[in-house]
Each structure stands twice: as structure tokens, then as C-alpha cells.
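Enquirer:
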Amino acid sequence: MLLDLKGLFSASLPKIALDCLIDLDENPIKSPVRVSGEFVSRPASVFLSCALDYVLAANCDRCAEYFENPGRLLIEQTIVTEPANEDADFIVCENQELDLTELVRSEIILNLPPKLLCREDCKGVCPGCGANLNREECACARSETDPRLEKLRLLLKKE
Ligand SMILES: [Zn+2]
Ligand SMILES: [Zn+2]
Numbered sequence: 013m014l015l016d017l018k019g020l021f022s023a024s025l026p027k028i029a030l031d032c033l034i035d036l037d038e039n040p041i042k043s044p045v046r047v048s049g050e051f052v053s054r055p056a057s058v059f060l061s062c063a064l065d066y067v068l069a070a071n072c073d074r075c076a077e078y079f080e081n082p083g084r085l086l087i088e089q090t091i092v093t094e095p096a097n098e099d100a101d102f103i104v105c106e107n108q109e110l111d112l113t114e115l116v117r118s119e120i121i122l123n124l125p126p127k128l129l130c131r132e133d134c135k136g137v138c139p140g141c142g143a144n145l146n147r148e149e150c151a152c153a154r155s156e157t158d159p160r161l162e163k164l165r166l167l168l169k170k171e
């Protein structure tokens with residue numbers, strides 16, 4: 013989705029409100045992504061602040077169950093028409109047009125966690141019997157003992 017920002021760069025428009033749905037053909041993001049916020053005209057630049065509301069749909073990296081979790085990302089970016097100094101984190105739009113789809117895609121992908129988990133405290137799968145420990149407590153988990161205590165118990169037995 014290409015957005016024409018010329019009016020904002022020339023300051024003939026003070027701001028443009030943004031509220032749209034964007035289809036991203038990108039795993040593990042479900043389409044569409046809701047984008048809401050605004051572009052504001054600034055001297056020699058345009059300031060974008062918006063929220064991205066999306067749904068992460070994937071198989072959990074720990075328990076392998078399929079999950080869909082909502083996510084929200086807040087973006088604040090300055091858009092310029094010429095590259096500034098190298099350490100400034102600006103978006104450069106030389107022709108004063110912004111590809112919003114590409115921006116949304118890269119922001120979400122860059123901010124994905126390294127592991128996709130169904131929930132933060134996902135207990136995963138038992139290495140012994142393969143049970144999903146989020147749903148059940150298997151027999152292996154119950155008989156599991158601290159190996160140090162086990163050694164102590166054996167020592168005590170000998171005496
Ligand atoms: Zn999980
Ligand atoms: Zn088990």
C-alpha cells in the first residue's frame with residue numbers, strides 16, 4: 013500500500029489520520045494487520061506514530077501446539093526524503109511515497125521474539141513420554157527426583 017506524503021512534506025496538510033487493515037502474506041502473522049495512528053507534518057520531515065495490532069499464528073517452539081495470540085506494536089518513526097547522518101534511525105522516502113505494507117511487515121518481523129511460544133511459561137513436552145505438560149502432569153514428572161538428593165538417599169541407605 014503506497015501512501016502519498018507530499019502534502020505532509022510541503023506542510024499543506026498538518027496531519028493524516030491512519031486507520032486501515034493491511035494484508036501481509038507473511039508467516040507467522042495472520043492477515044490482516046490493523047494499523048491505527050497518524051502522520052504529522054514536521055519541518056523537513058513527517059512523523060509517524062501508530063499501533064499495529066496483529067495475530068501471531070504458529071506452532072509453539074516448545075510444545076508444538078498450534079496457537080494464535082494477539083500482539084500489539086507501537087511505532088514512532090521520522091520519515092525524511094534524504095538520508096541523514098548514518099546513526100539516525102530515519103525512514104527515507106526519496107519520492108515522498110511510503111510503502112506502508114513493507115514498513116508494517118519489517119517492523120513486525122524485526123520485533124518477533126526469537127522463540128514463538130504459545131504462552132510465556134509454556135511447560136513444553138515431557139522428554140520421557142511426550143505428554144503436553146501444559147495440559148497434563150505425566151507419571152515421569154511425578155517420579156522425577158533431584159539427582160543430588162537421590163545420591164544422598166543411596167548413601168544413607170548404605171549405612
Ligand atoms: Zn507451548
Ligand atoms: Zn512424561
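By my numbering, the letter at position 50 of the sequence shown is numbered 62, and the numbering carries on one by one without gaps. Backbone N, C-alpha and C define an ideal beta-carbon position, used for all residues, glycine too.
1. Is Cys138 near ligand 2 - that is, is its Cβ less than 7 Å away from at least one heavy atom of it?
2. Does ligand 2 have a heavy atom nearer than 7 Å to the CB of Cys130?
3. Only counting the same chain, and skipping five residues up and downstream in sequence, which positions put a Cβ closer than 6 Å to that of Ala143?
4. Cβ of Asn97 versus every heavy atom of ligand 1: is any distance shorter than 7 Å?
5. Sorted by chain position, which residues of the same chain lie with C-beta nearer than 6 Å to Glu80's C-beta, five sequence neighbours on each side aside?
6. Within a Cβ cutoff of 7 Å, which residues of the same chain sit near Arg117, ignoring the five residues on either side of it in sequence?
7. With H, G and I counted as helix, E and B as strand and the rest as coil, what does DSSP make of Arg74?
8. Taking 7 Å as the cut-off, is the CB of Cys134 close to at least one heavy atom of ligand 1?
9. Of the choices Leu85, Val92, Asn97, whose alpha-carbon is the least far from that of Phe59?
10. Nearest to Glu114 by CA position, among Arg131, Leu64, Gly140, is which residue?
11. By the 10 Å Cβ neighbour count, where 16 or more other Cβ atoms means buried, how is Ile121 classified, buried or exposed?
Expert: This is what the structure holds:
1. yes
2. no
3. Cys150
4. No, Cβ of Asn97 sits at least 7 Å from all heavy atoms of ligand 1.
5. Val67, Ala69
6. Leu36, Glu38
7. coil
8. yes
9. Val92
10. Leu64
11. It counts as exposed.
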